[in-house]
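Numbering (the numbering used here), first residue to last: 119 to 368.
Notes follow the structure.
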Ligand SMILES: NC(=O)c1ccc[n+]([C@@H]2O[C@H](COP(=O)([O-])OP(=O)(O)OC[C@H]3O[C@@H](n4cnc5c(N)ncnc54)[C@H](OP(=O)(O)O)[C@@H]3O)[C@@H](O)[C@H]2O)c1
């Protein structure tokens, strides 16, 4: 796809990988809109990158996804790229029954239902465009799970599956479907969760994910395996038991 001259919505774009993508895409000559729940984080992002537009939105809420779609449709008729990036990660100890499951935030709504629902809203609009793209952010943990984060890993495996099907359904249209598969990245994700399975290594900088992504988008590489995510995919296919063991030594 062309990586300049697009109008792009990035969910969860105020921090981490989403913000690095916003920065790289603005610098490449695109109009970028970001959304997130925390107004303060959106303001910080706009202070750093005044060209962007911001919108408070909780994508885990069905009504807010609908309002976001209507707002974008009314204000950015040229929108042609959706990046489903917003995500949360929780430790869930299943020995505690339902206690950890939906305690504060719902991983399934945020990580899985939101990308499916938002993609479905935008597809009819995108099909009328000369060129459009849907870009979903999954994870190397979608190939091999860390058992302490069972719901997170399940949502990412499902995002991978959904993206594969979506790409196939849209194969004869002007809308391209990409998947960014990051490895461990040093962001706020999952910080503050202290439990069994928590890791010390925080991973590569989010700017590295953005750099690799822009090159891959320009080359129409639809499955963007960043860094060690590729090793996880190979391990999952060639030696799944050992690869699982390596990630689960807690
Ligand atoms: N970091 C890693 O190691 C890693 C590895 C593989 C994949 N990923 C994926 O990369 C994506 C970005 O994560 P990140 O690492 O950059 O972490 P991050 O810095 O925490 O970014 C996540 C962003 O999503 C937003 N968000 C969370 N829930 C939301 C909701 N309900 N509605 C709207 N926005 C929401 C957050 O802002 P608010 O809290 O203000 O809403 C935040 O800006 C996620 O999908 C994550 O699963 C990360």
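Yeah, the Cβ is synthetic: ideal placement off N, Cα and C, and Gly gets one too.
Keep in mind that this is a model prediction, so the values were computed, not measured.
Ligand 1 heavy atom lying under 7 angstroms from the CB of residue i
{"i": "residue 271", "result": "no"}
{"i": "residue 297", "result": "no"}
{"i": "residue 129", "result": "yes"}
{"i": "residue 162", "result": "no"}
{"i": "residue 334", "result": "no"}
{"i": "residue 178", "result": "yes"}
{"i": "residue 328", "result": "no"}
{"i": "residue 190", "result": "no"}
{"i": "residue 257", "result": "yes"}
{"i": "residue 345", "result": "no"}
{"i": "residue 208", "result": "no"}
{"i": "residue 183", "result": "no"}
{"i": "residue 305", "result": "yes"}
{"i": "residue 123", "result": "no"}
{"i": "residue 228", "result": "yes"}
{"i": "residue 289", "result": "no"}
{"i": "residue 133", "result": "yes"}
{"i": "residue 383", "result": "With the chain running from 119 to 368 in the structure shown, residue 383 is simply not present."}
{"i": "residue 321", "result": "yes"}
{"i": "residue 142", "result": "no"}
{"i": "residue 173", "result": "no"}
{"i": "residue 159", "result": "yes"}
{"i": "residue 204", "result": "yes"}
{"i": "residue 168", "result": "no"}
{"i": "residue 215", "result": "no"}
{"i": "residue 285", "result": "no"}
Beta-carbon separation (whole angstroms), residue i vs residue j, contact threshold 8 angstroms
{"i": "residue 279", "j": "residue 232", "result": "With a Cβ gap of about 16 angstroms, residue 279 and residue 232 do not count as contacting."}
{"i": "residue 298", "j": "residue 342", "result": "5 angstroms"}
{"i": "residue 229", "j": "residue 252", "result": "Not quite, the Cβ-Cβ distance comes to about 16 angstroms (not below 8 angstroms), so this is no contact."}
{"i": "residue 126", "j": "residue 199", "result": "4 angstroms"}
{"i": "residue 162", "j": "residue 140", "result": "Contact doesn't hold; Cβ gap of about 12 angstroms is too wide."}
{"i": "residue 335", "j": "residue 142", "result": "10 angstroms between Cβ atoms; not a contact."}
{"i": "residue 134", "j": "residue 307", "result": "6 angstroms"}
{"i": "residue 303", "j": "residue 324", "result": "5 angstroms"}
{"i": "residue 183", "j": "residue 236", "result": "6 angstroms"}
Spatial distance of residue i from residue j (CA atoms)
{"i": "residue 201", "j": "residue 255", "result": "8 angstroms"}
{"i": "residue 116", "j": "residue 153", "result": "Here the chain covers residues 119 to 368 and nothing more, so residue 116 does not appear."}
{"i": "residue 217", "j": "residue 195", "result": "44 angstroms"}
{"i": "residue 314", "j": "residue 245", "result": "Note that residue 314 has pLDDT 45, beneath the 50 cutoff, so the model's placement of it is unreliable and no number is given."}
{"i": "residue 243", "j": "residue 293", "result": "10 angstroms"}
{"i": "residue 354", "j": "residue 265", "result": "15 angstroms"}
{"i": "residue 319", "j": "residue 176", "result": "29 angstroms"}
{"i": "residue 295", "j": "residue 367", "result": "35 angstroms"}
{"i": "residue 215", "j": "residue 250", "result": "43 angstroms"}
{"i": "residue 224", "j": "residue 208", "result": "9 angstroms"}
{"i": "residue 204", "j": "residue 129", "result": "5 angstroms"}
{"i": "residue 247", "j": "residue 362", "result": "42 angstroms"}
{"i": "residue 268", "j": "residue 346", "result": "20 angstroms"}
{"i": "residue 160", "j": "residue 241", "result": "26 angstroms"}
{"i": "residue 300", "j": "residue 330", "result": "10 angstroms"}
{"i": "residue 170", "j": "residue 164", "result": "6 angstroms"}
{"i": "residue 284", "j": "residue 156", "result": "30 angstroms"}
{"i": "residue 312", "j": "residue 211", "result": "Per-residue confidence for residue 312 stands at a pLDDT of 48, beneath the threshold of 50, marking its modelled position as unreliable; the derived number appears in the next sentence. So the alpha carbons of these two residues sit roughly 12 angstroms apart."}
{"i": "residue 270", "j": "residue 282", "result": "19 angstroms"}
{"i": "residue 328", "j": "residue 158", "result": "23 angstroms"}
{"i": "residue 187", "j": "residue 239", "result": "7 angstroms"}
{"i": "residue 287", "j": "residue 339", "result": "17 angstroms"}
{"i": "residue 185", "j": "residue 321", "result": "35 angstroms"}
{"i": "residue 357", "j": "residue 365", "result": "13 angstroms"}
{"i": "residue 120", "j": "residue 221", "result": "42 angstroms"}
{"i": "residue 227", "j": "residue 145", "result": "32 angstroms"}
Open item on the list: Pairs of beta-carbons, one from the region 347-354 and one from the region 256-273, closer than 8 angstroms: are there three or more?
Closed with: Result yes; three or more Cβ-Cβ pairs closer than 8 angstroms.
Open item on the list: Tell me whether the region 263-278 and the region 143-152 touch, counting them as touching only if at least three CB pairs, one residue from each stretch, are closer than 8 angstroms.
Closed with: With contact defined as three or more Cβ pairs closer than 8 angstroms, the region 263-278 and the region 143-152 are not in contact.
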